[in-house]
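Comments concern the structure below.
Numbering (the numbering used here), first residue to last: 120 to 546.
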């Protein structure tokens, strides 16, 4: 990944006074990297050289060594094995590149260079740019993390969670509050709560034709009075339909059932934040269940999503059937319940039993939603056969971005078709 110099980024200089040919060579030199320096004949200086060095430490070089000194068998890096050198590199990339690019480079460094172990050191955690993927990495290291690092790790996770809550909470609450109002139809609403559109449509059969108030004269558009008798019409609203508001008890039960296998790390982070937001709404009763081959109910920790995240255990096998059996046993109001399964559907349990449970829940009136992922990255690798089987039961599986999740939940609450974002994610 290389950024073309001359584009506006934090701390990046431009070369507006460089001759066109020299500027073109400079750009190609930065794009191609240090290994192509001889072919371009262009030497970098100043900030360009510093940027190139930061990029080359991650994406160039031929040492092929991980920080532990083992050969990776591929062109690799020059960050060395010490935490101080990595910390300096992290500081450099935060100086030369915008936050979004820094997060990508950090993720690549963890994947390419095996830097996960260094994240167990507090000074390293203080140097990184927090993001959802870093949180996922920290959660996967939770059991190996020494006590001296855990408080720093919790601070990093809390910063990401608070940023997500600020971004997602207001729209989620507004969207779902509106959906709850619309779903709670009442037959004797107050005047301000009447749903006039549905009321008129429900009473069209009561349309009456009446004589004009003046006894028969009709006034034309030009103001002249005609001789033909005029009529008018009205709808008699025998049945009023309104929105139910200000309920003091939970109107809907929400069950979030989250696969905590390693590939679902970002989904676990987003789902935990959404679960905390939903739990804060008094008109919803929210349950959060995470699973691998075991099932853990984290509902009692929903007042703090950081506690929820550190209660998860990323990695391990998958038993969707067992998780759904637990969720099914906790359903007391099927017609008012929405179950959201977030999983890549690689089932390690009993496939046919899983499908029977989904069918039974839907037959009882439960709204069942299947999400292959809840993240910004689209659909992951998933079991297409299981996804097709769920689709045949009326629970199509698709990937969902965090921004779309409130709309998906609103549709499920109102029992209308789900806003599936892209047909390619349907089996």
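Glycine included, every Cβ here is placed at the ideal spot set by N, Cα and C. Only a predicted model underlies this, so the values are computations on that prediction, with no experimental measurement involved.
In the three-state reduction of the DSSP assignment, residue 225 falls in the helix class, which pools H, G and I. It is roughly 13 Å from the alpha-carbon of residue 144 to the alpha-carbon of residue 167. Here the alpha carbons of residue 359 and residue 325 stand approximately 13 Å from one another.
In summary, residue 213 is buried, with 16 or more beta-carbon neighbours lying within 10 Å of its beta-carbon over all protein chains present. Only residues of its own chain outside the window of five on either side were considered, and among them 375, 377, 461 and 493 have a CB closer than 7 Å to the CB of residue 390, listed in chain order. For residue 428, there is no enclosing beta strand (DSSP E); the residue is part of the alpha helix (DSSP H) that begins and ends at 424-429. Assigned with DSSP and collapsed to three states, residue 461 falls in strand. For the segment 366-417, the continuous beta strand (DSSP E) assignments of 3+ residues that do not extend past its boundaries occur at 371-378, 403-410 and 414-416, in sequence order.
Taking a C-beta distance under 7 Å as the contact criterion, residue 518 and residue 491 qualify as a contact pair. As DSSP reads the structure, residue 489 sits in a beta bridge with 460 and 516. DSSP links residue 352 through a beta bridge to 328.
Taking C-beta separations shorter than 6 Å and ignoring five residues to either side along the sequence, the partners of residue 456 in its chain run 372, 450 and 485, following chain order. If you ignore the 5 residues before and after residue 403, its C-beta comes within less than 8 Å of the C-beta of 295, 299, 369, 370, 371, 372, 373 and 397, all in its own chain and listed in chain order.
Of the residues assessed, residue 286 falls on the exposed side of the cut-off, its CB having fewer than 16 other CB atoms within 10 angstroms.
Three or more beta-carbon pairs separated by less than 8 Å are not found between the segment 423-434 and the segment 315-329, which leaves the two stretches without contact.
Exposed is the label assigned to residue 351, since fewer than 16 other Cβ atoms lie within 10 Å of its Cβ.
DSSP places residue 529 in the uninterrupted alpha helix (DSSP H) bounded by 524-533. Going by DSSP, residue 175 is part of the alpha helix (DSSP H) stretching over 165-178. By the criterion of a C-beta distance shorter than 8 Å, residue 283 is surrounded in its chain by 251, 388, 389, 392 and 521, once the five residues flanking it on both sides are discounted. Residue 243 holds the alpha-carbon nearest to the alpha-carbon of residue 229 among 217, 218 and 243.
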